[in-house]
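Undergrad: The end of the sequence shown is residue 179 by my numbering, with every number in the run present.
C-beta: ideal position from N, C-alpha, C; glycine also.
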Amino acid sequence: MDVPVIVATAEELAARGVVALRFNFRGVGRSEGEFGEGVAEVADVAGGVDFLSAREDVDCAKLYLMGYSFGASVGLRHVEQDPRIAGVVALSLPLGAMAIGCLDQDFWTGYAQPKLFVAGDRDYICPLSELRPLVDSLPQPKELTVLEGCDHFLWGREQEVARAVADFVAV
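Below, the structure written as C-alpha cells:
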C-alpha cells in the first residue's frame, strides 16, 4: 500500500519501534484475486492480523488496527469479529452515501477499546456532519482529530497524521 499517509504512518511507527504491516487488498496493485465488494476484504484483514499475531516480535496485547478510507471501513468491520484488537484508528472513514457496508451499531456503542478518528474538514467522503455524531455515540476512550483545509486524501499533512497515530498507539 503506497498511499502517502499510510507510508508516512508506517515509517513513523517503525521509527518508534512499533511493528506495522501495510498491504494491498485482493485485486489491488500487484496482489492477486478480485475485488470482493468490501466483504471478502475482511478476510484479507483477518489474514494480516493472524500473520502479526503469530510473530514473536509483536505484543498481541497491543495489537491496533488502522485503516485509511476503504481500509478503515473494512478494518472496523473486522474488529467487530476479532477480540484480539486492542484499539482502532480510522483515517478518512467513508460515511453517508459513500459508506462501504454497515457498521454494527450495537457492537460499537459497547466497544470500550481506544478509538482514533482522523478526517479533513473538506472531506466529502467522510463528512464531519456524519463523523461527529458517530464518534459522539461511541464510549470513551475516543479521539477525533479534524484537519483544517484537508480533503479525503490528507495531502500535505501526512507527517502530522503519522505523529498523531504513533502518539495514540504508543500509549
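Let me make sure I understand the geometry here. Which of VAL82, ALA172, LYS150, ARG171 has the alpha-carbon closest to that of LEU111?
TA: Residue VAL82 is the option with its Cα nearest to LEU111.
Undergrad: Roughly how many angstroms separate the alpha carbons of VAL26 and ARG130, rounded to a whole number?
TA: So the alpha carbons of these two residues sit roughly 31 Å apart.
Undergrad: Is ALA62 near GLU166, with beta carbons less than 9 Å apart?
TA: Cβ distance not < 9 Å, so ALA62 and GLU166 don't count as in contact.
Undergrad: Pop quiz: TYR76 and VAL11 are said to be a contact at Cβ under 8 Å. What is the actual Cβ separation, rounded to whole angstroms?
TA: Indeed they touch by this definition, with Cβ atoms about 6 Å apart.
Undergrad: Please report how far the alpha carbon of VAL154 lies from the alpha carbon of VAL126, in whole angstroms.
TA: About 6 Å.
Undergrad: Would you report the Cα separation of PHE78 and ARG92, rounded to the nearest angstrom?
TA: Answer to the nearest angstrom: the Cα atoms are 21 Å apart.
Undergrad: Run through DSSP, which three-state label would GLU64 get?
TA: Reduced to three states, the DSSP call for GLU64 is coil.
Undergrad: What residues match up with MET74 in a beta bridge as DSSP calls it?
TA: DSSP, once it has assigned bridges, lists VAL97 as partnering MET74.
Undergrad: Roughly how many angstroms lie between the CA atoms of PHE176 and GLU49, to the nearest whole one?
TA: Rounded to the nearest angstrom, the two C-alpha atoms are 25 Å apart.
Undergrad: Using the Cα positions of ASP114 and LEU103, report the straight-line distance between them to the nearest angstrom.
TA: The alpha-carbon atoms of ASP114 and LEU103 are separated by roughly 17 Å.
Undergrad: Which two residues bound the contiguous beta strand (DSSP E) that contains THR153?
TA: Counting along the chain, the beta strand (DSSP E) containing THR153 begins and ends at 150-155.
Undergrad: In the DSSP assignment, what residue or residues form a beta bridge with VAL124?
TA: Reading off the sequence, residue 124 comes out as Leu, not Val. Beta-bridge pairing links LEU124 to VAL97, GLU151.
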